[in-house]
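Here the protein sequences come in this chain order: A and B.
Counting from -11, one number per residue, gives the positions in the first sequence under this note's numbering.
Counting from 1104, one number per residue, gives the positions in the second sequence under this note's numbering.
Idealized CB from N, CA, C, for every residue including glycine.
These figures come from a predicted structure and were not determined experimentally.
Scroll down for the structure; my scribbles are underneath it.
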Amino acid sequence: MSRIVLEGISKIFGSKQVEGVELIRQGKRKAEIAAACGAVVGLCDISFDIVEGEILTLMGLSGSGKSTLLRCMNRLVEPSCGRIMVGDVDVTRLGRKDLLAFRQKTFGMVFQHFALLPNRTILSNVGFGLELKNVPAARWNEAAMQAIELVGLKGWEAKYPHELSGGMQQRAGLARALAADAEVLLMDEAFSALDPLIRRDMQSELRDLQQKLKKTIVFVSHDLDEAVALGGRIVLMKDGEVVQIGQPEEIVARPATEYVARFVEHIDRAAVMRAGQVADRSAPVLQPTLTVAEARIRIAGEGGDAWLVADDDRRFVGCLLAARLAAARPSETVASLLEASGEAVAAESRLDALLARVAAEGCVAVVDPDGRLIGGVGSRDVVRALAAHSAESQAGDHPETSILQQTAGAERWTGASRNFPSTRSATKASTGSPTMALG
Amino acid sequence: MLTTALVAVPPWVFIGLAALATYRIGGRKIGLLTLFGLLFLWNLRLWQATVETLVLVSLSTITALVIGIPVGIWFALSRRAWRTFSPILDMMQTLPSFVYLIPALPFFGLGAVSACFATIVFSVPPVIRLTALGIRNVPTELVEASDAFGGSTTQKLFKVQLPLALPTIMAGVNQTMMLALSMVVIAAMIGAGGLGRAVWQSIQRLEAGAGFEAGIGIVILAVILDRSTQALAARARPHGAA
């Protein structure tokens, strides 16, 4: 029961709360409000849902309001107006005592600079959340030990924070949030203070933990690569507003605004794009029953290192190397020439995971969850997908139009993202509907 | 009174205990310093005066801490209180210390009580300031961590803010004690006993030698008290913070 719904959250800093909220209600934006009454807008009419058990990344540059938004969820920062539902509970209406109890039960938080108490051992730090709940010492000790084992810090529990490296300290920070057994983890730039290698390890470990524990995680980051590595939806923020919400591949493929396009410009596309997006759907598919002569006619005029072979049901059978086809006698059947090694990959596999296989095998088959062949990823498809990037940045000022004007390859993969569960565009979400509850 | 009780204790027992206590707090160097310093004062026949001064200083310091630490906490948590009363603290510290003798006299008359009162007023600001400063300087993230895990204001104060502010508070204790000691001679003018009186009398009688002896006595006491409270402060420092 930890689905989180944000409705029309705004935050005005300073004394001009009423005027600011009124102007936001009229649809004014940050700059206009600052000009009109001098109020500083931290968050402007933000609405979206967080699904139970997902990793959601709040992204944006510093000052975009992402940390403020995170702190609004557990009311470390008091929103000026709007409603936050966690399950059936309206967090914004809780009284002081209920709020403390609700924080203890529902939210675990991980901080950028770890926020471990220097005068306590790791064990006592990890048990801190439970200690605040007045859990008896024996029980919190046990729960803390479990959490410490879970994050791989066993053997360090009697040390003090300064005796641990940054990465280990943040593991302890994570363990503290896990020990409290909260439903939602709020992670504020949790890995930003770590060096890149440790950071990558922590990202993948967090993903594994999340799959094991099924927690809802809201992660704040200014690093797009990190958001991609975490693998969940991304909420892109700018000037206190949400600019776009969606899976990383969607945001890269169809940036809602020029700002988003510039933001994602330097992303490692191979890490974002999925096999299903890159796969060549129009390439000819051979049937195992065809003879070599018939196959040669079918592929006449098409280039490629290998051909996909599927049965009449479009179930993938195997790969046929072009060299092998060329060398074969006309009367042989396709089935007898198949490579044994070729195994199909799922449409949602990441492109960078395929690269080695594409290089080695020439063509990798991509299948949908039912096992039906979607298409093949050959070296040419990979190059096309990655080149779409430079095509875009060359197009320059108008990324929206540049996507439409792109090469055949690019059109193919933007089209392919229809396969993915559509997330609503943020332009819709942030302009807000008049029915939104304010205050 | 306490002074008579302490004077009744044989000096060698007292000195032994004091040396042991400072040894436990601050190690061998401070222990030896205490041992020989106090033996020296005994030898100068200033034992009675030394004990009187020690009692005056400790009583004033303890009272100043009992008042100062809670007020410091209040100032740390309430911005308004800080803004309102900060100028008063400034004034307390800038007024010449003699001035505090004036209001003390009509209320408490000549004697140790007035001396104590003046000493307390003079020595309380540092502990208030440093308590407030220590609590305010606890990193925001740590305070937020307590809030985020649902800690109440009391839990936050006792589990996070006070433990982390302790080294700074101990520095305040040290400062307060030193200020109390610096009032010893001045307080002697309104009838406080001890080493201060010995100094004051020797000034009036132009006995440079006796004054010098008592002066050295005050310095020795000051060094012992300062070293041992600083050692206490160092102990309060959390592991890792250098």
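Taking only the alpha-carbon atoms, compute the straight-line gap between residue i and residue j and give it to the nearest angstrom.
| i | j | result |
| --- | --- | --- |
| Ala398 of chain A | Ala332 of chain A | Residue placement at Ala398 of chain A is poorly supported in this model, since its pLDDT is 38, which falls under 50; the coordinates still yield a value, given next. Going from the Cα of Ala398 of chain A to the Cα of Ala332 of chain A covers about 23 Å. |
| Val231 of chain A | Arg303 of chain A | 40 Å |
| Leu111 of chain A | Ala103 of chain A | 14 Å |
| Ala1268 of chain B | Val1174 of chain B | 14 Å |
| Gly41 of chain A | Arg(-9) of chain A | 8 Å |
| Gly234 of chain A | Trp144 of chain A | 39 Å |
| Leu313 of chain A | Leu325 of chain A | 8 Å |
| Leu1213 of chain B | Ala1301 of chain B | 17 Å |
| His210 of chain A | Ala178 of chain A | 11 Å |
| Met190 of chain A | Arg221 of chain A | 18 Å |
| Gly115 of chain A | Ala126 of chain A | 10 Å |
| Val1241 of chain B | Phe1261 of chain B | 13 Å |
| Glu151 of chain A | Arg338 of chain A | 38 Å |
| Ala316 of chain A | Val370 of chain A | 28 Å |
| Leu1138 of chain B | Leu1159 of chain B | 21 Å |
Report yes if the CB atom of residue i is closer than 8 Å to the CB atom of residue j, and no otherwise.
| i | j | result |
| --- | --- | --- |
| Ser1217 of chain B | Ala1283 of chain B | no |
| Leu194 of chain A | Leu218 of chain A | yes |
| Ile186 of chain A | Ala163 of chain A | no |
| Val297 of chain A | Gly289 of chain A | no |
| Gln158 of chain A | Gly1253 of chain B | no |
| Val248 of chain A | Ile239 of chain A | yes |
| Thr1279 of chain B | Leu1168 of chain B | yes |
| Ala1235 of chain B | Trp1185 of chain B | yes |
| Leu82 of chain A | Phe95 of chain A | no |
| Gly8 of chain A | Ile21 of chain A | yes |
| Pro1228 of chain B | Leu1265 of chain B | no |
| Val322 of chain A | Pro272 of chain A | no |
| Ala1152 of chain B | Leu1298 of chain B | yes |
| Arg262 of chain A | Gly363 of chain A | no |
| Thr62 of chain A | Leu174 of chain A | Residue identity check: residue 62 of chain A is Asn in the sequence provided, not Thr. Yes, the pair counts as a contact, with Cβ atoms nearer than the cut-off. |
| Gly264 of chain A | Val354 of chain A | yes |
Does DSSP put residue i in a helix, in a strand, or in coil?
| i | result |
| --- | --- |
| Leu1159 of chain B | helix |
| Val65 of chain A | coil |
| Lys1262 of chain B | helix |
| Met97 of chain A | strand |
| Ser(-2) of chain A | strand |
| Lys200 of chain A | helix |
| Leu472 of chain A | Absent from the structure is residue 472 of chain A, since the part of chain A shown begins at -11 and ends at 427. |
| Leu174 of chain A | strand |
| Arg17 of chain A | coil |
| Ala1290 of chain B | helix |
| Phe102 of chain A | coil |
| Arg108 of chain A | coil |
| Gly1175 of chain B | helix |
| Ala353 of chain A | strand |
| Ser35 of chain A | strand |
| His386 of chain A | Annotation note: pLDDT 43 at His386 of chain A (below 50); position unreliable, coordinate value reported separately. Coil at His386 of chain A, not helix or strand. |
| Lys147 of chain A | coil |
| Ala294 of chain A | strand |
| Gly8 of chain A | helix |
| Val1276 of chain B | helix |
| Met225 of chain A | strand |
Cutting at 6 Å between CB atoms, please list the residues of its own chain near residue i, excluding the five before and the five after it.
| i | result |
| --- | --- |
| Lys54 of chain A | Leu46, Gly48, Val208 and Met225 |
| Gly1296 of chain B | Glu1155 |
| Ser367 of chain A | Val346 |
| Asp176 of chain A | Ser55, Leu58, Phe99, Gln100 and Val208 |
| Ile38 of chain A | Ile(-8) and Leu44 |
Excluding the 5 residues flanking residue i on each side, which residues of the same chain have their C-beta closer than 7 Å to its C-beta?
| i | result |
| --- | --- |
| Ser1331 of chain B | Thr1125, Ile1128, Gly1129 and Ile1133 |
| Trp1150 of chain B | Pro1114 and Leu1144 |
| Arg1340 of chain B | Pro1270 |
| Gly1314 of chain B | Val1302, Ser1305 and Ile1306 |
Spatial neighbours of residue i within its chain, please: C-beta separation below 8 Å, excluding the five flanking residues on both sides.
| i | result |
| --- | --- |
| Thr109 of chain A | Glu145, Ala146, Lys147 and Tyr148 |
| Ala283 of chain A | Leu274, Trp295, Leu308, Leu313 and Val322 |
| Met1195 of chain B | Val1224, Phe1225, Val1227 and Pro1228 |
So if I threshold CB-CB distances at 7 Å, which residues from the segment 1250 to 1263 of chain B count as touching chain A?
Asp1250, Ala1251, Phe1252, Gly1253, Gly1254, Ser1255, Gln1258 and Val1263
Against chain B: residues of the segment 106 to 137 of chain A by CB proximity under 8 Å
Within the segment 106 to 137 of chain A, the residues whose Cβ lies closer than 8 Å to some Cβ of chain B are Pro106, Asn107, Phe116, Gly117, Glu119, Leu120 and Lys121, listed in chain order.
Would you list, in chain order, the members of the segment 159 to 173 of chain A that have their beta-carbon closer than 9 Å to a beta-carbon of chain B?
Going along the segment 159 to 173 of chain A in chain order, one finds Gly161, Arg164, Ala165, Ala168 and Ala170 with a Cβ nearer than 9 Å to chain B.
Mind checking the segment 1226 to 1248 of chain B against chain A and listing, in chain order, the residues whose C-beta falls within less than 8 Å of any C-beta there?
Pro1242, Glu1244, Leu1245, Glu1247 and Ala1248
Of the residues that make up the segment 297 to 309 of chain A, which ones have a beta carbon closer than 9 Å to any beta carbon in chain B?
Result list empty, no residue passes.
Name, going along the chain, the residues of the segment 83 to 100 of chain A whose beta-carbon falls closer than 7 Å to a beta-carbon of chain B.
Leu88, Ala89, Arg91, Gln92, Phe95, Met97 and Phe99
Any C-beta of chain B within less than 7 Å: which residues of the segment 179 to 210 of chain A qualify?
none
Cβ-based contacts, 7 Å cut-off: residues of the segment 49 to 64 of chain A near chain B:
Asn62 and Leu64
Residues in the segment 1174 to 1193 of chain B with C-beta within 9 Å of chain A's C-beta atoms, listed in sequence order?
Taking 9 Å as the Cβ-Cβ cut-off against chain A, none of the residues of the segment 1174 to 1193 of chain B qualify.
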